[in-house]
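>
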Amino acid sequence: MLKILLYPFAFLYGIIVAFRNRLYDLNILKSKEFAVPVISIGNITVGGTGKTPHVEYLVKLLKDTFNVATLSRGYKRKTSGFRWVETGSGVWEVGDEPLQIKKKFPGISVSVCENRVKGVEKLLDQSDEKTPDVVLLDDAFQHRRITPGINILLIDYNRPLNEDHLLPVGRLRERATQMRRASIIIFTKCPGEVTPIMRRILQKEVRLKPYQALFFTTYSYGNIRHVFSGNELEKDLNTKQSYAILIVTGIAYPKLIPEHLKQFSGETEMITFSDHHNYSQEDIRLIMRKFESLKNEQKIIVTTEKDAVRFAGIEELDEQFKSVLYYLPVQVKFLDEEGKLFNKKILNYVGKNKSNRALHTKKNQRPS
């Protein structure tokens, strides 16, 4: 009944979004193109497609050869304007995902700005040795004020778009026809194997264009680590079902995590919070009550990397809670050796356009 009442709002929302997109398509609203290579990573639905692990994949791919910068709006931060993200920044200052990236890759530039054009301009307004060779725009598929050189669209394999609706009825931020703006489409969170028949079905579902490349990725989980020490869980606990796990998540669509962790434990319980949830002391007490109710004397709490960043920033955290709090590392893995082709596309684009930027800069420098 509630969904029926929301359909008029979805219809109105669709008209507004379509009108905005049309203005950009007709070049009435202007989109800026930068000399520096820009790669956008985003989705067409609300949350839960795995943007951060894919951004981290790109950072790993590029950081040893190029100066890499990431730019995000810093969702749910309590500040505004442009900010550099440091390893000691607070979640409230910069957001959880940018802070997670900075902690994992302290050698790259990580920044937040709700105005992406101003953000990129700020990144480029630095000394030569700090100027980025490539900018990764996080969650920017709908941010049309910038024209990226590569536009990567992520789609959750487990949530078909053809069964979805526009907000607020469904999860679509815009109509699926806008997938045509993507240069690369990635189905994320896939099972370990996607059959040729299923690939063809999905290719048809997204109406793949000749200029688009289609890839499939899955999650590869690492060994469980302690949030505060970084130490891996003892080897026997990583291989035996001899203890209980309380799973705590504040992410969108966390169902893959308990599926993975059940192989390590005969007793698992789960508490879920909303995506990007800011944990309070009352939440901690709730978690500990649930934790203490687990029957097995040998037990731990396991959370996600993103949640671990938020928990680590809480002041006066209960020592018992800290001692049993672990996180599950995750990284992206391309299926069927497709990563080689993906890597080649990205490296060729950045390498070629970095050189073009250097020539452009040199030509426009005034003689002294």
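End of the sequence shown sits at 444 in my numbering; the numbers just go up one at a time, nothing left out.
The C-beta atom is built at its ideal place from N, Cα and C for all residues, glycine as well.
Just list the beta strand (DSSP E) runs in the region 170-227, keeping only unbroken ones of 3 residues or longer that don't cross its boundaries, in chain order.
185-188, 210-214
> Use the C-beta contact count for P443: other C-beta atoms within 10 angstroms, 16 or more gives buried, fewer gives exposed.
In this predicted model, P443 has a pLDDT of only 41, less than 50, meaning its place in the structure is not dependable enough to derive any value.
> Nearest to R220 by alpha carbon, out of S203, R257, V122, L200?
R257
> So, with DSSP's three-state summary, where would you put Y52?
The chain is shown from 77 up to 444; residue 52 falls before or after that span and cannot be answered.
> Name, in chain order, the residues that DSSP records as bridge partners for R159.
V188, per the DSSP bridge assignment.
> What residue from S305, F387, I300 has the CA that sits closest to D359's CA?
F387
> Would you call the region 125-145 and the region 196-212 touching, i.e. three or more CB-CB distances under 8 Å?
yes
> According to DSSP, simplified to helix, strand and coil, what is K438?
Legend: pLDDT at K438 = 46, less than 50; position of this residue unreliable, no value from coordinates given.
> Using 10 angstroms around the beta-carbon of G124, count the other beta-carbons present and answer buried if the total reaches 16, otherwise exposed.
That one is buried.
> Can the beta-carbon of L147 be found less than 7 Å from the beta-carbon of G183?
Cβ atoms of L147 and G183: not closer than 7 Å.
> What span of residues does the alpha helix (DSSP H) with L138 cover, start to end?
That run of the alpha helix (DSSP H) goes 127-138.
> Put K375 into one of helix, strand or coil per three-state DSSP.
strand
> Any beta carbon of chain B sitting closer than 7 Å to that of N419?
You won't find chain B in this structure, because it holds only one protein chain.
> Hey, D232 and K265: beta-carbon distance below 7 Å or not?
yes
> Compare the Cα-Cα distances from E392 to each of D412, G415, R361, F418 and report the closest residue.
Taking only the C-alpha atoms, the option nearest E392 is R361.
> Hey, would you say Y297 sits closer than 7 Å to H336, going by beta carbons?
yes
> Pull up the distance between the alpha-carbon of L351 and that of I327, whole angstroms please.
With the sequence shown as reference, residue 351 is identified as Asp, and Leu is not the correct amino acid for it. The alpha-carbon atoms of D351 and I327 are separated by roughly 4 Å.
> With DSSP as the reference, identify every bridge partner of T271, one or two as the case may be.
DSSP, once it has assigned bridges, lists no residue as partnering T271.
> Using DSSP with H/G/I as helix, E/B as strand and the rest coil, what is A453?
Only positions 77 to 444 of the chain appear in this structure, which leaves residue 453 out of reach.
> Distance, Cα to Cα, I80 vs A86?
Each residue's alpha carbon lies about 10 Å from the other.
> Would DSSP call Y287 helix, strand or coil?
Secondary structure of Y287 (DSSP, three-state): coil.
> Going by DSSP, name the residue or residues bridged to D101.
Beta-bridge pairing links D101 to no other residue.
> Run the CB neighbour count on K438, radius 10 Å, all protein chains shown included, and call it buried at 16 or more, exposed below.
The predicted position of K438 is uncertain, since its pLDDT is 46 and thus under 50; a value taken from the coordinates is nonetheless stated next. Exposed, since its Cβ has fewer than 16 Cβ neighbours within 10 Å.
> Between the beta-carbon of I277 and the beta-carbon of K108, is there less than 7 Å?
no
> Is the CB-CB distance between P224 and V114 below 7 Å?
yes
> Would you kindly report the start and end of the unbroken alpha helix (DSSP H) that includes K382?
381-388
> Near F158, what residues of its chain come up, given a Cβ to Cβ distance below 7 Å and the 5 sequence neighbours on each side ignored?
S187, C189, K194, G195, K198
> Check whether the region 393-406 touches the region 361-378, counting contact only when three or more Cβ pairs, one atom from each stretch, lie closer than 8 Å.
yes
> What number of angstroms, rounded off, separates the C-alpha of L284 from the C-alpha of K420?
20 Å
> Hey, out of E373, A216, V135, L99, whose CA is closest to Q176's CA?
It is V135 whose Cα lies nearest to the Cα of Q176.
> Could you give the distance in angstroms between the alpha-carbon of F110 and the alpha-carbon of V211?
10 Å
> Under a Cβ-count criterion, where at least 16 other Cβ atoms within 10 Å of its own Cβ denotes burial, should T271 be classed as buried or exposed?
exposed
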